[in-house]
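Written below as structure tokens is the structure these notes are about.
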């Protein structure tokens with residue numbers, strides 16, 4: 006899922022010029038979403054602000070519950 010780390014880098018770009026040097030990784034293993042976050046508590050809070058709007062949707066898709074995300 007290259008879009009997730011890219012979103013985190015883009016959100017941090019104006020505040021942290023070296024954000025482009027980070028090597029974020031996100032993926033799914035089985036039914037578990039794995040996203041690595043930055044090391045500092047402040048950066049984690051900022052990253053969670055970016056992730057929260059779509060994280061629940063992603064989890065529902067991984068769980069395979071189509072009524073939450075794919076209903077016609």
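Residue numbers (my numbering): 6 to 77.
In this text, a Cβ means the ideal position worked out from N, Cα and C, and glycines have one as well.
Treat the numbers as computed from the prediction; the structure is a model and nothing was measured.
On the CB-based measure, 16 or more other CB atoms within 10 Å of its CB, does residue i come out buried or exposed?
| i | result |
| --- | --- |
| residue 56 | buried |
| residue 54 | exposed |
| residue 52 | buried |
| residue 9 | buried |
| residue 13 | buried |
May I ask you to report which of helix, strand or coil DSSP gives residue i?
| i | result |
| --- | --- |
| residue 35 | coil |
| residue 50 | helix |
| residue 27 | coil |
| residue 67 | helix |
Hey, quick one: how far does the alpha helix (DSSP H) through residue i stretch, first residue to last?
| i | result |
| --- | --- |
| residue 43 | No alpha helix (DSSP H) holds residue 43; DSSP gives it neither H nor E. |
| residue 15 | 8-17 |
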